[in-house]
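A.B. asks:
In my numbering, the protein residues as written are 276 to 499.
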């Protein structure tokens with residue numbers, strides 16, 4: 276892969292899309308670590324936690340390289356602050372996955388069947404939201420090439436709308452997961468319940484970060 280410095284010579288959006296690839300590599304591990312956690316495969320949880328940590332570190336390094344080399348030129352096609360905010364929110368997706376993996380590796384907490392299925396549903400929705408974010412991130416370089424007009428912009432705006440709806444559905448499923456855990460609180464135990472709620476909150480943050488990227492893309496492509 277070309278260095279981010281080389282990519283900046285063409286477009287400030289290409290490095291953001293490149294960073295998005297690193298973040299997506301982290302996100303793809305989320306269903307696997309969740310399933311290992313739910314089935315009590317502690318060795319797999321530990322292995323996946325390490326893999327996620329390594330991949331998240333790579334995303335962090337890419338983020339810092341972009342921050343260090345993002346031009347301060349007045350000739351940037353969009354506001355520099357918006358680019359940096361997009362970078363922060365996008366990187367937050369990887370951070371959220373790592374947070375989930377850390378919590379799952381920290382304690383073996385068994386869930387009643389209803390709560391386990393509710394967690395799977397929540398993770399599935401987070402991944403659906405993440406898929407829309409990923410497509411939006413990959414679209415960024417094409418937006419500038421199209422001079423922020425035409426079908427590319429229409430598709431980007433469509434994805435922004437999808438992200439808002441998908442994040443709302445993630446909120447609904449997060450609440451449903453919480454209710455299922457409350458119903459099974461006696462089986463989960465107070466310490467387990469605390470950890471599970473932290474996992475739920477971390478999953479919610481992943482979807483929130485994805486939605487926030489949509490807000491920033493709207494700002495960047497809207498007429499000034």
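Ideal Cβ placement from N, Cα and C applies to all residues, glycine included.
1) Verify the CB distance criterion: does residue 379 have a CB-CB separation below 8 Å to chain D?
2) So residue 301 packs on residue 337, CB below 8 Å; how close in whole Å?
3) Spatial neighbours of residue 312 within its chain, please: CB distance less than 6 Å, with the 5 preceding and 5 following residues excluded, ordered by chain position.
4) Keeping to the same chain, check which residues put their C-beta closer than 6 Å to that of residue 502; ignore five residues upstream and five downstream.
5) So the candidates are 492, 360, 458, 488; which of them puts its Cα closest to the Cα of residue 388?
6) Measuring only the C-alpha atoms, how far is residue 477 from residue 426?
7) Residue 318 to residue 294, Cα distance in whole Å?
8) Have a look at residue 410 and residue 494 and give me their C-alpha separation to the nearest angstrom.
9) Kindly indicate which residue of 406, 419, 393 has the alpha-carbon position closest to the one of residue 289.
C.D. replies: In brief:
1) The structure shown contains no chain D; it holds only a single protein chain.
2) Counting from 1 along the chain shown, the entry for residue 301 is found at position 26. Counting from 1 along the chain shown, the entry for residue 337 is found at position 62. Under the criterion of beta carbons closer than 8 Å, residue 301 and residue 337 do not qualify as touching, at roughly 11 Å.
3) For the purposes of this step, residue 312 is identified with residue 37 of the chain shown, where counting begins at 1. For residue 312, where only same-chain residues beyond five positions count, the Cβ hits under 6 Å are 320, 379.
4) The displayed coordinates of the chain run from 276 to 499. Any statement about residue 502 would go beyond what the structure contains.
5) Here residue 388 is taken as the residue at index 113 of the chain shown, counted from 1. That would be 458, whose Cα lies nearest to the Cα of residue 388.
6) Taking the chain shown and counting its residues from 1, one reaches residue 477 at position 202. Taking the chain shown and counting its residues from 1, one reaches residue 426 at position 151. Whole-angstrom Cα-Cα distance: 34 Å.
7) Walking along the chain shown from the start, residue 318 turns up at place 43. Walking along the chain shown from the start, residue 294 turns up at place 19. Whole-angstrom Cα-Cα distance: 29 Å.
8) To locate residue 410, count along the chain shown from 1; it is residue 135. To locate residue 494, count along the chain shown from 1; it is residue 219. Taking the straight line from one Cα to the other gives about 18 Å.
9) One-based indexing of the chain shown puts residue 289 at position 14. Ranking 406, 419, 393 by CA distance to the CA of residue 289 puts 419 first.
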